[in-house]
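Enquirer: A single structure is presented below for examination.
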Amino acid sequence: MEVWSNMHWRFLSTAMLALVSLAFTTTTTRADDIKEIEGTWRAAAAKAGGKPVESEDLQKLVVTIAGDHYTAQTKDGTEAGTLKLDETQKPRTMDATRTEGFEAGKVIKAVYEITGDTLRVCYALDGGERPTELATKDGAPWLLITYQRAK
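FYI, the numbering for the sequence shown is -31 to -1, 1 to 120, going by mature numbering (1 follows the signal peptide of the UniProt record, and there is no 0).
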């Protein structure tokens, strides 16, 4: 929980930006993943430091992905950026680059998994090394968000 409080909401908005960017700018891509990721996603759950993150602000997080661009609606406003993904990696990787909003130009490294209407993304919130799995650990500056497709 301390990891979450240290990173606060500016990283949550970064995470959303990364999600959108992931969808459409790819180094190696399959049309199936791109088709599956496009659309609007709502945060359903999150973990940091190996523990659940409970927050009303998280429930307000909405990410829309169109092409290689994403838009993230957070409690603090709107952020936007581009995504780059690599489906050849295990787990699959994503880089989200903010083009608007707080910390424009910043790249957030992440790993992801999409299954039907569920998208899980684990972000390196500190701008450091990419997570190696879709999980968080005590002391690791990673945020795992589970998104559900908006109906």
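All C-beta atoms in this analysis are idealised placements derived from N, C-alpha and C, irrespective of residue type, glycine included.
Can you tell me the Cα-Cα spacing of Arg67 and Ala73, whole angstroms?
Expert: Taking the straight line from one Cα to the other gives about 5 angstroms.
Enquirer: Just grab the DSSP bridge partners of Leu94 for me.
Expert: Answer is none; Leu94 lacks a bridge partner.
Enquirer: Since Leu113 is in the beta strand (DSSP E), which residue starts that stretch and which ends it?
Expert: Start and end: 111 to 118.
Enquirer: Taking 8 angstroms as the threshold, find out whether the segment 98 to 105 comes into contact with the segment 12 to 26 through three or more Cβ pairs.
Expert: Short answer: they touch.
Enquirer: Can you list the beta strand (DSSP E) stretches of 3 or more residues lying completely in the segment 33 to 92, in chain order?
Expert: Listed in chain order, the complete beta strand (DSSP E) runs (minimum 3 residues) inside the segment 33 to 92 are 38 to 43, 46 to 55, 61 to 69, 76 to 84.
Enquirer: With DSSP collapsed to three states, give me the class of Lys20.
Expert: Looking at Lys20 - three-state DSSP - the assignment turns out to be strand.
Enquirer: Any idea if Lys120 is buried or exposed, counting beta-carbon neighbours within 10 angstroms, 16 or more meaning buried?
Expert: Label assigned to Lys120: exposed.
Enquirer: Given a cut-off of 9 angstroms, decide if Ala41 and residue 127 are closer than it, judged by their beta-carbon atoms.
Expert: With the chain covering -31 to 120 only, the question about residue 127 has no answer from this structure.
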